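Asks: In terms of our numbering, the sequence shown opens at residue 208 and continues consecutively.
Here it is, the structure, as C-alpha cells.
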Amino acid sequence: MTAPFRALVFGPGLAVTGTPAVLAIQGDALTVTPQGADHPLTLSPSTLRLREVGFGRGGIELAWHAPDGDWLVHVLDPDEATRLQGLAQRSGLSGMAALQATVKTRRRRRAVGWTSLAILGLSPLLAVIVLYFNADRIAAWAIQSVPEDTEARFGRSAFEALRGRLSLRDEGPEIDRVRTLGKRLTQGSPHRYQFHVAEDATVNAFALPGGIVVVNTGLLQAMQRPEELAGVLGHEIEHVEQRHSLQALAKDWGWRAAWALIAGEWGGTLAADAATQLGSLKFSRDAERQADAGGFDRLVAAGIDPSGMRDFFRRLAADGGFLSTHPSGAEREQQMDQRMQRLGSRHFEPLAGP
Ligand SMILES: [Zn+2]
C-alpha cells in the first residue's frame, strides 16, 4: 500500500463544500474515508469517471455513482495529484490508467482553443499575447472585459444552481451579524452584495462572482469575537472585488467559457458546473495573498480591529485545518504580523456582540 492522499469528498449527507478525506489505493481497490466516518468507502477503479479540476493547477476529480447518489473526490494539491497520476500510470488499475491521457488531452485542447481564437482574427496583438504569455495571464486579461452586471448575473445563476444543496438560515441573529458587518465592509463597492448563512458544520466560507458570500454555521461557531468574523468576511469580499473566482473558472474552462462570460451568454450547465466548483475553489497562493492584504486594509478602512483576522487564521492554522479551501501556514502568519506592526498602536473601538 502506498501513502494515502489528502482529498475532499462530496456526496449524499456530506457538506456541499466538501469534507476532508483520505484516499488510499490497496490492490485494485480505492478506498475513501471521509473525516469522522467509521468505515471507508470502497470503490472499483473501473466504475470511476476521471477529469481534471482545480482550475488549471492539475487537480484531479474522481466521480462515481452509488445507489445512494453521486459521489465526487477531489485531489487538488498539485503535488498530490501528480503523485496520484504517476501511481495510476504504474499500477495495473485499468480505469486509473486512462487518467494520464485524459488530463493531457484536455490541456492540449485548451491551448489549441486559445490559439485558434487568436488566429481566427480578433487581432494580431491578441495572437502575440497568446504566443508569449501563459494561460493564467490570458484568463486574467479576458476576465477584465466581463462587465460587472454580467458577472453579477452569472454569480446569481450559479447560486440558484447551488442553493438547493445548501440549507440556508437566512433569519435570526447569526445572519444579522453577518449582514451588519458585511454592509460595513462593502461601503462604496460597485457590487451589490448578498450575504447568507448555511447550516453546515464545516469551518468554511466562500464567495461567488458578483458578491454572493456564504458563511457556514461551523465557521460562526468557531469565532471567539466579532472582529474574527469581520476578518474572514474582509478576505472573502476581496476575492469578489478582485474577481478571483471568475479568473479561476476561466482558467479551468478555457476560452469557450471565458468567451461565454464576456458575451454574457451561458447555458444552464455552465452555471451548474460553476456552482459545484465554486464551493471548493482553490485559489492560487497569489490570489490568497491579495485577499489577505486587501481584506486587512478593508478592515482598517472600516475602523475594525484587524487583529481578529490574524487571531482567527492563526488559531485555525494551529488546529491543523482552516477553511478546507484555503491555505494556512507560516508565511501567511508572518505577513499578518508585519501588517499589524506597520499599523502601530492605532486604537479601534471593539465591535459589539458575541
Ligand atoms: Zn481565500
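Where a beta carbon is used, it is the ideal one built from N, C-alpha and C, also for glycine.
As the structure is a computational prediction, the values presented were derived from the model and not from experiment.
Just confirm the distance between the C-beta atoms of Gln242 and Ala231, as a whole number of angstroms; I'd bet it's less than 8 Å.
Replies: Not confirmed; about 14 Å, so no contact.
Asks: Is the closest heavy atom of ligand 1 to the C-beta of Glu268 under 7 Å?
Replies: no
Asks: Using alpha carbons as the reference points, say which of His398, Gly441, Ser514 lies closest to Gly551.
Replies: Ser514
Asks: Taking its Cβ as the centre, do 16 or more other Cβ atoms sit within 10 Å of Leu375, making it buried, or is it exposed?
Replies: exposed
Asks: Grab the span of the beta strand (DSSP E) containing Ala564 for me, first residue to last.
Replies: Because the chain in this structure spans residues 208 to 561, residue 564 falls outside the shown range and cannot be described.
Asks: Would you say Glu495 touches ligand 1, meaning its beta carbon is less than 7 Å from a heavy atom?
Replies: yes
Asks: Determine the closest residue to Ile267 out of Asp275, Pro274, Asp284, with distance taken between C-alpha atoms.
Replies: Measuring from the Cα of Ile267, the nearest candidate turns out to be Asp284.
Asks: Shortest alpha-carbon distance to Ser491 belongs to which of Ala455, Arg521, His442?
Replies: Ala455
Asks: Considering only DSSP beta bridges, list what Phe402 is partnered with.
Replies: Val420
Asks: Work out the CA separation of Gly218 and Ser396 for me, nearest whole Å.
Replies: 36 Å
Asks: What is the DSSP secondary structure of Ala228, counted as helix, strand or coil?
Replies: strand
Asks: Identify which residue in Leu250, Pro380, Ala500, Ala414 has its Cα closest to the Cα of Leu369.
Replies: Ala414
Asks: Assign Pro602 to one of two classes, buried (16 or more other C-beta atoms within 10 Å of its C-beta) or exposed (fewer than that).
Replies: The chain is shown only over 208 to 561; residue 602 falls outside these bounds and no answer can be derived.
Asks: Measuring CA to CA, which of Ala270, Ala214, Gln394 is closest to Val507?
Replies: Gln394
Asks: Mind checking Ser352: buried by the 16 CB within 10 Å criterion, or exposed?
Replies: exposed
Asks: Leaving out five residues before and five after Leu426 in sequence, what residues of the same chain have Cβ atoms less than 7 Å from its Cβ?
Replies: Val410, Asn411, Ala412, Val439
Asks: What separation, rounded to the nearest whole angstrom, lies between the Cα atoms of Asp544 and Gly502?
Replies: 14 Å
Asks: What is the rounded straight-line gap between the Cα of Arg386 and the Cα of Gly560?
Replies: 13 Å
Asks: Quick check: is any heavy atom of ligand 1 less than 7 Å from the C-beta of Ala498?
Replies: yes
Asks: Is Pro557 buried or exposed, if buried means 16 or more other CB atoms sit within 10 Å of its CB?
Replies: Exposed, by the Cβ-count rule.
Asks: With DSSP collapsed to three states, give me the class of His451.
Replies: DSSP places His451 in the helix class (H, G or I) of the three-state scheme.
Asks: Let me know the secondary structure DSSP gives Asp245 once reduced to three states.
Replies: If DSSP states are grouped into helix, strand and coil, Asp245 belongs with coil.
Asks: If you run the structure through DSSP and keep just helix, strand and coil, what is Gly560?
Replies: coil
Asks: Quick check on this structure: which residue in Gln233, Leu215, Asp518, Ala478 has the alpha carbon closest to the alpha carbon of Thr357?
Replies: Ala478
Asks: Whole angstroms is fine: what's the gap from Glu381's alpha carbon to Gly293's?
Replies: Rounded to the nearest angstrom, the two C-alpha atoms are 46 Å apart.
Asks: Output the boundary residues of the alpha helix (DSSP H) element that contains Phe520.
Replies: 514-525
Asks: Report whether the distance from the Cβ of Phe490 to the nearest heavy atom of ligand 1 is below 7 Å.
Replies: Yes, ligand 1 has a heavy atom inside 7 Å of this Cβ.
Asks: For a test of the three-state rule: what should DSSP assign to Leu440, helix, strand or coil?
Replies: Note: Leu440 maps to helix in three-state DSSP.
Asks: Do the CB positions of Ala639 and Asn423 come within less than 8 Å of each other?
Replies: Coverage of the chain is limited to positions 208 through 561, which leaves residue 639 absent and any answer about it impossible.
Asks: Enumerate in chain order the residues of its own chain whose CB-to-CB distance from Arg549 is below 8 Å, with the five nearest sequence positions on each side excluded.
Replies: none
Asks: Relative to the C-alpha of Val420, which candidate in Ala429, Pro433, Leu373 has its C-alpha closest?
Replies: Nearest to Val420 by C-alpha distance, out of Ala429, Pro433, Leu373, is Leu373.
Asks: With distances taken from CA atoms, which of Arg360, Arg496, Asp504, Val239 is nearest His398?
Replies: Arg360
Asks: Could you please give the first and the last residue of the uninterrupted beta strand (DSSP E) stretch that includes Glu495?
Replies: Where Glu495 is concerned, there is no enclosing beta strand (DSSP E), although the alpha helix (DSSP H) it sits in stretches over 492-508.
Asks: Which value, in whole angstroms, describes the spacing of the CA atoms of Leu269 and Gly417?
Replies: 29 Å
Asks: Nearest by alpha-carbon distance to Pro211: which of Arg290, Glu367, Asp277 is it?
Replies: If we check each option's Cα against that of Pro211, Arg290 comes out closest.
Asks: From Pro247 to Leu237, what does the alpha carbon distance come to, in whole angstroms?
Replies: 10 Å
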